[in-house]
Amino acid sequence: MKKKAISASQLARLHEAIALQNQGRLDEADAIYADFLRKVPKHPDALHLRALICHTRGRHADAARFAEAAIAAAPDVANFHNTAGEAWRLLGDRARARKHFGAAVRLAPGLAMAHHNLSLVLDAEGLAAEALAASQRAVALNPRYVEALAQSLEIARRLGDHAAAQAALAQLRTCDGELAHDAVARFHTMTARDHVEALRFDDGIAEAEKAIAASPCFWGGWTLLGETCNEVGNHARAELCGTIAANLAPDNENARLNLAHLLKEQQRLDEAESHYRAWLARQPGNAEARFGLAGALLMRGHYREGWPLFEARWELPRHGGAKFSGAPQWTGEAVGRLLLYAEQGLGDTLQMLRFLPDAIRRAGGAVTLLVPPPLARIARRASGAEGIAIVTALPDGAVFDAACGLMSLPGIAAVTMPAEAAAPAPYLGHDPARAAHFAARLAGLPGRKLGIVWLGGQAGSANRRRRLPEAALLPLLTLPGWTPVSLQFGIAKPEIAGHPLVDLADDIADFEDLAAAMKAVDAVVSLDSGPAHLAGALGVPTWILVPWLHDWRWGLGGERSDWYPSATLVRQAVGGSWDAPIAGLVALLSGHADASPDDAPGAEGDRVILRNEFPLVRARCRDGIVTMPLFDRYITLSLLLYGEYSPREAALLSSWLRPGDTAVDVGANLGTLTLAMARAVGNTGRVIAFEPQTSIHACLQQTLADSGIGHVELHRRAVGATAGHAFVPRLDLARPANFGGVSIADADEGDGEEVELARLDDLDLPSCRLLKIDVEGRELNVLRGASGLIARCRPVIVVECDRPDRLAPLLAFLREQGYRAFRHEPPLFDATNFRNCPHDAFPRIVSGNLLALTEGDEPPADARPA
């Protein structure tokens, strides 16, 4: 049977639909395709074009259906297979996707897109080498195919193929556009992550800085730089980088919660809590935010709210242990057979053993305690452990009615202080005979015996903090009246910086032996580690060396511990130095009672950000301490990066002002230009600023107070041609926006927040040297309401004018007043900025202003006649 011919009118309609589709008018195009296919049901091109529209709209199932129909009608068209493959890939059906992409590259070996898409599927299937080859074929066909270059770069990095990675990187650097720049930045960010995980922090910082240089607005580079700076003790820079990342990626969980984590680690807990709660308001079930908030609450001693949130740890992949899945989670009810199991480190387990009696009492039945082998014997000496089974592995076929990780026991007990637990410290016993044995070994040594533990865990950056520099410990080795004794075991010949210590390691096999050795010395000095918890649980006089970046259990300050009454906390100073704390401890152990460890480190003097409580940030900037909304897309980002906003504009305005002058700032926003003008006119001058948005006005009010500027008169009023009322949109500072781009509306045409509308002529100013106006398109109204002031004072006038349709009326008004008009468009970025940041986050973005000058004033060299 012959196919029915397509009429000329039908063909014209098809071409019309294609034109509409190319113009982005998808609804109209799709309607024509649907009508066409009712008349010509199996037309392959129309079917494929409908598939492309569905793909653009994210309707992947429909895209797959239409593409498959097109293939059925014309099986040898590579593009049809490519479209079908992409639809199936996005639907998660990798087998079908791979089949179609394979067909596409067979039918059209030169179709670069098909090779790239095949690479995506192969990579998702774990076939990285094959995926790299496919992406390289795509690049060979199109050397500027950015997506394929980015794919090649990422896979080569993961495979450790340095040559392939460098080749792709070099090609990407020749490409323009955000996608290429972000791919380069992502590569450097991931390389930085590799360095940080290997504890090569200097290399990590260098790679993160390369990422930022490649793409200043890529949040990942700032996040990595912040994390790494935090690791090396540069907390001020860490917070600034983390805040920039959150500004750049307000919808990104990692960027937002990384900032919260940084604040928590710096013990700025109310600020950290505000960021955790802000993310939880958005995603109430987010485990990362719940767990982070738990840590902040527990560190403050807010145990009742913190323990339930602490359960979020089970939902996090990095959690130290696996949740037992062979029985329901125990919540404190009576059960016949209960399994309690260690889930994290040795110190965590020892800390939680104090809740064992309470758990046994609540369960009422048989209890089995599963612990790591080093703790098996000492666990039997825990209060309440008599009569329960203590094992290091579960026997085959073991059955339990419920199970509970040890770190969940405080929440079940609902304690608000550790002292409320059924077993107050000391809650661990020891072997008296073994203690006597160790005492006999030490009896011939002079003076009192000081047990020392200076190494904690050996891997990971968190455990790196639990290692003391040997030089810091040297003063403890020469204490008058003390003999230092190593309580490290697993080290063949313990010594500190070449100084041998009394070695008991050959007699210490596990924590049971270590407990006996601790009871044989007079006191213990231990880094935050398992042995520190053991000493505290035994009731041995102990000084625990707590790093500045520590977890929740050691609280915020002071030398007493909620958990161990016999322990004294020696807290590291801000910035990572142990010198002062160790010096205080040496003085105390030497008998100088008035010399105690420094437990109240002060704030860093070099902090850029002084307050980071969501949704606001207070930061040191060129002209003062500025309070700003975290999520402002332009002004806040510039202030964070550079400490200034549009500095050439600020410098120009300041150049026209002298001490004692009066300036008017209409549309002051966060006050970046207000502050510059205030500095220029000095305390004898006067700046009158108008900002009608309540929240932004409050920010500027705080800025003026913090910056000690008293000669700015700030009004929460709008300004226009007539007096009356107007409306300003209500702002939600928790949502990203350009808060400097908000327009007011007249009382009869708007809604939102009602504000007073004022006329500048009604101020009756005796003088005015400068009038700056930035009111998002209503500048002419302000000028009309200031015609008397302009005629009387002849100020320099600076008007925002970045809307071509508003230029002619502004020019007409200014020329009627006898002014010369000039266009001035200084770039937002200035390489000589306050923070010496070399990265331009605002390429090709300028401040578009109209300058109105009288004959006595000269325009800047970079202005041009309007």
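Those letters in the sequence shown? Residues 1 to 866, per full-length UniProt numbering, in order. Ideal Cβ placement from N, Cα and C applies to all residues, glycine included. In this text the structure is predicted, and so the values were computed from the model without any measurement.
- For the pair Ala-376 and Arg-256, the Cα-to-Cα distance works out to about 41 Å.
- 8 Å or more divides the Cβ of Ala-379 from the Cβ of Tyr-341.
- No residue range can be given for His-711, since it is assigned to no beta strand (DSSP E) and is classified by DSSP as neither H nor E.
- Spatial neighbours of Pro-827 in its own chain (CB-CB distance under 6 Å, excluding positions within 5 residues in sequence) are listed in chain order as Val-846.
- When C-alpha distances from Ala-72 are compared across Ala-114, Pro-44, Trp-314, the shortest belongs to Pro-44.
- Taken in chain order, the whole alpha helix (DSSP H) runs of length 4 or more contained in the segment 75-116 are 78-90, 94-107.
- A Cβ-Cβ contact shorter than 8 Å links Glu-644 with Asn-833.
- Taking C-beta separations shorter than 7 Å and ignoring five residues to either side along the sequence, the partners of Asn-230 in its chain run Ala-238, Leu-262, Glu-265, following chain order.
- Taking Pro-373 as the centre and dropping the five residues before and after it, the same chain places the C-beta of Thr-392, Asp-510 closer than 8 Å to its C-beta, in chain order.
- The residue among Ser-152, Leu-346, Phe-739, Arg-686 with its C-alpha nearest the C-alpha of His-533 is Leu-346.
- Straight through space, the alpha carbons of Ala-516 and Gln-351 are spaced by roughly 18 Å.
- Looking at the backbone, the Cα of Thr-483 and that of Gly-447 are separated by about 6 Å.
- With a 10 Å radius around the Cβ and a threshold of 16 neighbouring Cβ atoms, Arg-57 comes out exposed.
- With contacts defined as CB atoms closer than 8 Å, Leu-132 and Ala-183 fail to qualify as a contacting pair.
- The beta-bridge partner set that DSSP reports for Gln-329 consists of Ala-403.
- Taking every protein chain shown into account, the CB of Gln-151 has 16 or more other CB atoms within 10 angstroms, so this residue is buried.
- Separation of Val-40 and Leu-90 (C-alpha to C-alpha, rounded to the nearest whole angstrom) is 29 Å.
- The shortest C-alpha to C-alpha distance from Leu-442 to any of Leu-504, Gly-429, Pro-860 is the one to Leu-504.
- Residue environment for Thr-228: buried (at least 16 other C-beta atoms within 10 angstroms of its C-beta).
- By the CB criterion at 8 Å, Ala-185 and Gly-242 fall outside the cutoff.
- Around the beta carbon of Leu-851, 16 or more other beta carbons sit within 10 angstroms, so the residue counts as buried.
- Ranked by Cα distance from Pro-531, the first of Pro-547, Ala-573, Val-453, Asn-781 is Val-453.
- The continuous beta strand (DSSP E) containing Arg-618 extends over residues 616-621.
- Pairing Glu-713 with Tyr-642, the inter-Cα distance amounts to about 27 Å.
- In this structure the segment 119-138 touches the segment 86-102; the number of beta carbon pairs closer than 8 Å is three or more.
- Taking a contact as a CB-CB distance under 8 Å, the pair Leu-269 and Arg-300 counts as one, their CB atoms being some 6 Å apart.
- Cβ-Cβ separation between Cys-801 and Gly-741: approximately 14 Å, too far for a contact (criterion under 8 Å).
- Counting every other CB atom within 10 Å of its CB across the protein chains shown gives Gly-785 a total of 16 or more, marking it as buried.
- Beyond the five residues adjoining it in sequence on each side, Asp-522 comes within less than 6 Å, by CB distance, of Arg-448, Lys-449 in the same chain, given in chain order.
- Here Lys-42 carries a coil assignment [DSSP, helix/strand/coil].
- Val-196 is positioned such that its CB atom lies no closer than 8 Å to that of Gly-177.
- Glu-154 and Gly-126 have their C-alpha atoms some 14 Å from each other.
- Using a Cβ distance threshold of 8 Å, Trp-656 and Arg-769 count as a contacting pair.
- Checking the DSSP bridge columns, you'll see Asn-849 partnered with Glu-800, His-824.
- Counted as a single uninterrupted DSSP element, the stretch harbouring Gly-558 is not any beta strand (DSSP E), since DSSP gives it neither H nor E.
- In the pairwise beta carbon analysis, the segment 330-344 is classified as touching the segment 395-413: at least three pairs are separated by under 8 Å.
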